[in-house]
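Same order as they appear, the protein sequences are chains A and B. To get the working numbering, take the position in the first sequence, counting from 1, and add 703. To get the working numbering, take the position in the second sequence, counting from 1, and add 703. All residues carry an ideal CB built from backbone N, CA and C; glycine is no exception. The structure presented is a predicted model; accordingly, all values stated were derived computationally and were not measured.
2 protein chains.
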Amino acid sequence: MTFQAPELNAIPTQQGDLDDELSLALQAVEQRMFDVVDSQVDVLRDASRHIISAGGKRIRPRLALLSYAALGGTQFDDVIAVAAALELLHTASVVHDDINDHGVLRRGRPSVNALWGRTFALLTGDYIFTKVYELVAPLGSEMNIVLAQATTALVEGETLQAAAVKNRQFTREVYYRIIGLKTAELFRAATLLGARAAGATDSETDALAEYGFNIGLAFQIIDDVLDVVGSPEQLGKTSGIDIEQGRGFASAYETKPATNGHTIEAADPMVSIREHVLNGDALREAYHQAHHFVQTALDQIRFLPDSPAKDELFALANSVIERSA
Amino acid sequence: MTFQAPELNAIPTQQGDLDDELSLALQAVEQRMFDVVDSQVDVLRDASRHIISAGGKRIRPRLALLSYAALGGTQFDDVIAVAAALELLHTASVVHDDINDHGVLRRGRPSVNALWGRTFALLTGDYIFTKVYELVAPLGSEMNIVLAQATTALVEGETLQAAAVKNRQFTREVYYRIIGLKTAELFRAATLLGARAAGATDSETDALAEYGFNIGLAFQIIDDVLDVVGSPEQLGKTSGIDIEQGRGFASAYETKPATNGHTIEAADPMVSIREHVLNGDALREAYHQAHHFVQTALDQIRFLPDSPAKDELFALANSVIERSA
Chain A
704 MTFQAPELNA IPTQQGDLDD ELSLALQAVE QRMFDVVDSQ VDVLRDASRH IISAGGKRIR
764 PRLALLSYAA LGGTQFDDVI AVAAALELLH TASVVHDDIN DHGVLRRGRP SVNALWGRTF
824 ALLTGDYIFT KVYELVAPLG SEMNIVLAQA TTALVEGETL QAAAVKNRQF TREVYYRIIG
884 LKTAELFRAA TLLGARAAGA TDSETDALAE YGFNIGLAFQ IIDDVLDVVG SPEQLGKTSG
944 IDIEQGRGFA SAYETKPATN GHTIEAADPM VSIREHVLNG DALREAYHQA HHFVQTALDQ
1004 IRFLPDSPAK DELFALANSV IERSA
Chain B
704 MTFQAPELNA IPTQQGDLDD ELSLALQAVE QRMFDVVDSQ VDVLRDASRH IISAGGKRIR
764 PRLALLSYAA LGGTQFDDVI AVAAALELLH TASVVHDDIN DHGVLRRGRP SVNALWGRTF
824 ALLTGDYIFT KVYELVAPLG SEMNIVLAQA TTALVEGETL QAAAVKNRQF TREVYYRIIG
884 LKTAELFRAA TLLGARAAGA TDSETDALAE YGFNIGLAFQ IIDDVLDVVG SPEQLGKTSG
944 IDIEQGRGFA SAYETKPATN GHTIEAADPM VSIREHVLNG DALREAYHQA HHFVQTALDQ
1004 IRFLPDSPAK DELFALANSV IERSA
């Protein structure tokens, strides 16, 4: 897989032109990620590029780029490194998640863990985490502090999730704390950093940050729904892990006593809970909550001057709920 | 375990006084590490403090502090955060190493892996890595770039080691590349950052950096020797892992064909190789090489004006070879 470095132009004010320029910017993000993991140690380079080139929705880079443009940024070049760092941070966490969850499929490919084994997957995740900081180190203290805080939140969210499952304390309250930390804080960082790079005021930056956080909550709820109702083929990753582990939206909203692999009585707990969720209130409640968070997000940015980028932020928010993968 | 925040004074010019002030500064480093891992997520806080408060030689903070003082720095306060970050970087790598190596004893205590299990050990290592960047984020781009490069090197060194063992390519050349990356680059970063914090010139900084790198090579060689000849009680960590895995100085200098767990014929390969090393040339060669690197290190800093801190850098270099734990 090779990339051609795209020539980025000034951000246009017409919708069709924005799409073109955004597409070029996302190509530049891909290239930056691909280039920065060019280790002399073959396995680190190969495993990193394996997971990077498998693609993904790139929602975090999109959020950074669109926030930047919506607040008057004029050159996507200014945010390529930050956008790449945000996606790599997510990618590193995915590589480590697949170790802990024994996930064998990721983005439609075998996981790093499945192909290279646990030791190399752990080191590849560490390596990609490091590249996040290599990318943002030259960009000044604020960018670095925001990224470090988002990383801390991400790791805390993953840990809280594992601890809540282990201690059988997977309540709704804990669930919202988990998804705030493990997902929404990084979405917040994406929109915040995009806004800052555009030179936005504090109040504009705060608004974009709150938009990002709420989109993140909605995104994770739908992710958890898809883990239950989707197939591996559709999602491109191992599905059903949440139910197997007794976590996710369905577990938080179970009307039965808190469930996990040990307490389910059915012959196949996956089938049992899946049917329960599909037939019960949890699915309806999940969409209701996600819709609520999207509306809250949109309310934050209505005051922005109209622009193609603002329209795209609205469209992106709605697509979070409507997606099926 | 609680700390009292020590009051740090100006760095003195008399030897006895330097020892006192260095000791206070190292206490401040301990406190900074302890404070920065104050997560709201219990297991991250507890596991991080478990490994931090188990102690260790703190050689990386010492190198940063002494380099700073030797180049005219006057307030250890200026380098406490960097010194804490250097030690935390090493600590994070140790937590992840113990997952991959199944190390159950570390710094005289059960490893994080042994006490909390693999999932939480992986997340604790990630968490401590993040705290490195939280500590240095406010300190400007150069500090952040140096730390990110040292982290990359560390992860590359660990990976190269695992790959060389797996591919049975553990040659002497590969061995020196490994210890340069996994150990000496972080020592280099320690002395470099200490020098920079003191406002040293480029040539002074380069000299300290080369001193640090060579001390790191010597330190790792002796570490590998101790892994073979030392006991867990003496070292405070699981020993014999290198030989079990077919790596380390002894494996690089084996006169027999490259060895690993699969190819050794003796009833107990540990005993067999250990005796071979103790009776053969490898041990002598190891000390010879370590001594050579220490001399190279000392040659770098002879030109510095005499000071108690310079004397301490000389003493530290020699102690690297003479240590038994």
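Are the CB atoms of V732 of chain B and G768 of chain B within a distance shorter than 9 angstroms?
According to the sequence as given, residue 768 of chain B is Leu; it is not Gly. Yes, these two residues count as a Cβ contact at 9 angstroms.
Along chain A, in chain order, which residues have C-beta atoms closer than 8 angstroms to that of E837 of chain B?
I848, A851, Q852 and T855
Cβ atoms of L850 of chain A and A910 of chain A: under 9 angstroms apart, would you say?
no
Closer than 8 angstroms by beta-carbon distance: list the chain B residues that pair up with F1006 of chain A, in chain order.
None at all; the shortest Cβ gap to chain B is about 31 angstroms.
What did DSSP end up calling Q948 of chain A once you bin it into helix, strand or coil?
helix
Is the beta carbon of T854 of chain B closer than 9 angstroms to that of T794 of chain A?
no
Measure the C-alpha to C-alpha separation of G860 of chain B and N712 of chain A and round it to an integer number of angstroms.
40 angstroms
Mind checking whether L818 of chain B and T862 of chain A have CB atoms under 9 angstroms apart?
no
For F1006 of chain A, count neighbouring C-beta atoms within 10 Å of its own C-beta (all shown protein chains included) and say buried if the count is 16 or more, exposed if not.
exposed
For A1018 of chain A, tell me which candidate among A:R765, A:D720 and A:V815 has the shortest Cα-Cα distance.
A:R765
Answer yes if the region 893-907 of chain A comes into contact with the region 920-936 of chain A, meaning at least three C-beta pairs across the two stretches below 8 angstroms, and no otherwise.
no
Give the residues of chain B in contact with Y830 of chain A, contact being defined as C-beta atoms less than 8 angstroms apart.
T855, V858, E859 and T862
Interface partners of L929 of chain B on chain A, CB under 8 angstroms:
Simply none; closest approach about 23 angstroms.
According to DSSP, residues forming a beta bridge with R683 of chain A:
Not covered by the structure: residue 683 of chain A. The range shown for chain A is 704 to 1028.
Short of 7 angstroms Cβ to Cβ, which residues in the region 942-958 of chain A face chain B?
none
Buried or exposed (CB count within 10 angstroms, at least 16 for buried), E936 of chain B
exposed
Local conformation of A713 of chain B per DSSP, three classes
strand
Would you call E837 of chain A buried or exposed, if buried means 16 or more other Cβ atoms sit within 10 Å of its Cβ?
buried
Thinking D930 of chain A and G943 of chain A are a contact (beta carbons under 8 angstroms), I'd like their distance in whole angstroms, please.
7 angstroms
Might you give, ordered along the chain, the residues of its own chain that have their beta carbon closer than 6 angstroms to the beta carbon of A856 of chain A, omitting 5 neighbours on each side?
L884 and E888
Check each candidate in B:S844, B:A1000 and B:K1013 and name the one with the smallest Cα separation from I1064 of chain B.
In this structure chain B extends from 704 to 1028, so residue 1064 of chain B is not present and cannot be described.
Mind pulling the chain B residues with CB within less than 7 angstroms of F922 of chain A?
Under the 7 angstroms cutoff, chain B gives no residues; its nearest Cβ is about 22 angstroms from F922 of chain A.
Assess, as a yes-or-no matter, whether the region 808-818 of chain B is touched by the region 868-881 of chain B under the definition of 3 or more beta carbon pairs within less than 8 angstroms.
no
On the criterion of 16 or more Cβ atoms from any shown chain inside 10 Å, does S770 of chain B qualify as buried, or is it exposed?
buried
What in chain A is Cβ-close to N803 of chain B, meaning under 7 angstroms?
T822 and L825
Assuming T894 of chain B and A912 of chain B are in contact, meaning their beta carbons sit under 8 angstroms apart, how far apart are those beta carbons, in whole angstroms?
6 angstroms
How long is the line joining the alpha carbons of P1011 of chain A and A773 of chain A, rounded to whole angstroms?
8 angstroms
For the region 743-767 of chain A, enumerate the residues whose C-beta is nearer than 9 angstroms to any C-beta of chain B, in chain order.
Q743, V744, D745, V746 and L747
What span of residues does the alpha helix (DSSP H) with L842 of chain A cover, start to end?
From DSSP, L842 of chain A is part of no alpha helix (DSSP H); its letter is neither H nor E.
Using the Cα positions of R1026 of chain B and D723 of chain B, report the straight-line distance between them to the nearest angstrom.
22 angstroms
Measure the alpha-carbon distance for Q717 of chain A versus I762 of chain A and round it to whole angstroms.
22 angstroms
Can you tell which of A:H799, A:Q948 and A:R810 has its C-alpha closest to the C-alpha of G828 of chain B?
A:H799
Nearest-angstrom beta carbon gap, N1021 of chain A and N847 of chain B [assumed within contact, 8 angstroms]:
N847 of chain B to N1021 of chain A, Cβ: 38 angstroms. No contact.
In chain order, what residues of the same chain have a beta carbon less than 6 angstroms from the beta carbon of G806 of chain A, not counting five sequence neighbours either side?
S814 and T941
Integer-rounded CB distance, given that A989 of chain A should sit under 8 angstroms from F952 of chain A:
5 angstroms
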